[in-house]
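Before any comments, here is the structure.
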Amino acid sequence: MTMGTPTNARNASHCSVDHDDSSHVYAAVLIIVAVLGLSGNSVALFAFIFRLKKRNAARCYCINLALADLLYMLTLPLRVATHLQGGRWPFGDVACALVFYVFFMSLYSSIFFLTAISVNRYLAVVRPIQQWQDGSRRAKMLCSGIWAFTAVCASPYLLKGTDTIGKDAVCLDPQVDSTLRFVMSNVSFVLGLIFPLVIIVFCYMSILRRFNLGPADGGSNARGRRGREKIKALAVIIIVLFMTCFVPYHVVRTVYLYLRMRANGQSDAGWYCQQANQMKPLMGALICFAAGHGCFDPVVYFFYSRHFRSFLGRMLPRRRGAVARDPRAATVRGDATFTNSRAAASHDNADSAAVQDLKPRGGPSGEDAAVPPRGKRDQLQITDNSPSNSFQSFTDS
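According to the working numbering, the sequence shown is numbered sequentially starting from 320.
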């Protein structure tokens, strides 16, 4: 595959891209991103493929998100080497095209997989009946469609290799036709950022509304509260990822490409070129932020999948006696520490009422009659769409 460089890209625009003095800073940041991203996503991928055998939609989305992150992390050594050489690209045209192709394909695949995770949580909580009807097969089809869509949309970057500034070959600022690249940027801004972000906000707003409008006892028990906290944490993490890693990069990239486009053949090209060069360090920093989302995706797996949390719990060493006992379970077993200490139980705001209700009494009456024995409680099945069962479906993903 032979890739040519446009002969008039530099001369027509009269806008040469200045070298960025922050290259070594970018290299250090990308090294940290590569280490954290490779280690975190490798552990997650190993867990989901070889240790977690439950085949459901959650597992499918997590596997594909980890693959998307790892695919881009494998290209970071080339970017680091380039930054350490002051922006010079020694690896040739094909490698340059592949790095940018993988970057955009991985970036938008990750965005779409995060959106799919949010939709999956929405279905599990708001529409649990639809969620469990062959969800794994539909998830595989959706993931295949995401990979195919992003691979096709990023394909124009395969047509462009390196450019030349003076005597140096560069790859970090590819000179695909500026007008075409600006159009591609606007399309990806709408389809790859705004559209997924709207879906994510809708999903989590609907989930919170579902909990707020549900029966008063739907999330009052300890397990319901834990489920509520996990779903809030997942919502915050995904939205923060978008607002810190994706939104700033897309906004600044659109402005930067607009300035570069206006610098081509315009009478006032010098002003646009100057503004573009002033934005160049900011663009480099935001590319590092966009790449850094792969470091935080393992946190998404933690709050999204109960099985992944269990896997990490088995991996981490535990100190003897460091694990706190559950007051509810301790009372059912007749633990004297909780049954004989009403004052200690009152300090546990989450489970104090449950501790008092579960204290042994002469016979079941009132609310005590509604609490089944521990063995039977574990065997209860989800039979309706109440918020308590929605929490159950969330924590069992």
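Cβ coordinates follow ideal geometry from the N, Cα and C atoms, glycine included.
Here the structure is a predicted model, which is why all the values come from computation and not from measurement.
| query | result |
| --- | --- |
| Pick helix, strand or coil for A416, following the three-state DSSP scheme. | helix |
| Counting along the chain, where does the beta strand (DSSP E) carrying A366 start and finish? | Looking at the DSSP string, A366 is not in any beta strand (DSSP E), and its letter there is neither H nor E. |
| Where does A609 sit, in a helix, a strand or coil, going by DSSP? | helix |
| According to DSSP, simplified to helix, strand and coil, what is A488? | strand |
| Thinking C-alpha only, which one of L601, N439 and N383 is nearest C462? | N383 |
| Start and end of the alpha helix (DSSP H) containing F565? | F565 -> no alpha helix (DSSP H), and no H or E assigned at all. |
| Report buried or exposed for A387, applying the criterion of at least 16 other Cβ atoms within 10 angstroms of its Cβ. | buried |
| What is the DSSP secondary structure of R374, counted as helix, strand or coil? | coil |
| Going by the DSSP bridge assignment, what does D482 pair with across the sheet? | V489 |
| Evaluate the contact criterion for the region 466–479 versus the region 410–423: three or more CB pairs, one atom per stretch, below 8 Å. | yes |
| Please confirm if the region 364–375 is in contact with the region 392–403, defined as three or more CB-CB distances below 8 Å between the two stretches. | no |
| Which residue from L442, A470 and Y577 puts its Cα closest to that of W590? | Y577 |
| Identify every residue that forms a DSSP beta bridge with R407. | V489 |
| What are the start and end residues of the alpha helix (DSSP H) that includes R446? | It is not in any alpha helix (DSSP H) - R446 carries neither H nor E in the DSSP assignment. |
| In the DSSP assignment, find the alpha helix (DSSP H) that holds I513 and state where it starts and stops. | No alpha helix (DSSP H) holds I513; DSSP gives it neither H nor E. |
| Could you have a look at A346 and say whether DSSP puts it in helix, strand or coil? | helix |
| Spatial neighbours of Q698 within its chain, please: CB distance less than 7 Å, with the 5 preceding and 5 following residues excluded, ordered by chain position. | Residue placement at Q698 cannot be trusted, given a pLDDT of 39 that sits under 50; what the coordinates show is reported in the next sentence. So the list is empty, once near-sequence residues are dropped. |
| Use the C-beta contact count for S358: other C-beta atoms within 10 angstroms, 16 or more gives buried, fewer gives exposed. | exposed |
| Taking the C-alpha atoms as reference points, what is the distance between I513 and F608? | 18 Å |
| In whole angstroms, give me the CA-to-CA distance for V354 and R529. | 40 Å |
| Starting from A467, follow the alpha helix (DSSP H) in both directions and report where the run begins and ends. | G454 to C472 |
| Go ahead and label R661 buried or exposed: buried means 16 or more other beta carbons lie within 10 angstroms of its beta carbon, across all protein chains shown. | Annotation note: pLDDT 42 at R661 (below 50); position unreliable, coordinate value reported separately. Per the 10 Å Cβ criterion, exposed. |
| DSSP on A582, reduced to helix/strand/coil? | coil |
| Does G511 pass the burial test, meaning 16 or more other C-beta atoms within 10 Å, or should it be called exposed? | buried |
| Looking only at its own chain, which residues have a Cβ that is under 7 Å from the Cβ of G454, when we skip the five neighbours before and after it? | N375 and A376 |
| From which residue to which residue does the alpha helix (DSSP H) around L631 run? | R625 to M634 |
| Does the count of Cβ pairs from the region 599–618 and the region 339–350 closer than 8 Å reach three? | yes |
| Please state whether DSSP places T765 in a helix, a strand or coil. | Nothing can be reported for residue 765, as the shown portion of the chain is limited to 320 through 716. |
| For S341, does the three-state DSSP call read helix, strand or coil? | coil |
| Quick check on R581: buried or exposed, where buried means 16 or more other Cβ atoms within 10 Å of its Cβ? | buried |
| Using DSSP with H/G/I as helix, E/B as strand and the rest coil, what is P683? | Because P683 sits at a pLDDT of 45, beneath the cut-off of 50, its placement in the model cannot be relied upon, and the following sentence gives the value as read from the coordinates. If DSSP states are grouped into helix, strand and coil, P683 belongs with coil. |
| Label A467 either buried or exposed according to how many other C-beta atoms from any shown protein chain fall within 10 Å of its C-beta, with 16 as the threshold for buried. | exposed |
| Assuming Y391 contacts G613 (C-beta within less than 8 Å), just tell me the rounded distance between them. | 7 Å |
| Work out the CA separation of R457 and L403 for me, nearest whole Å. | 44 Å |
| Please return the same chain residues whose Cβ sits closer than 7 Å to the Cβ of F622, not counting the five positions on each side in sequence. | K549, A552, L553 and I556 |
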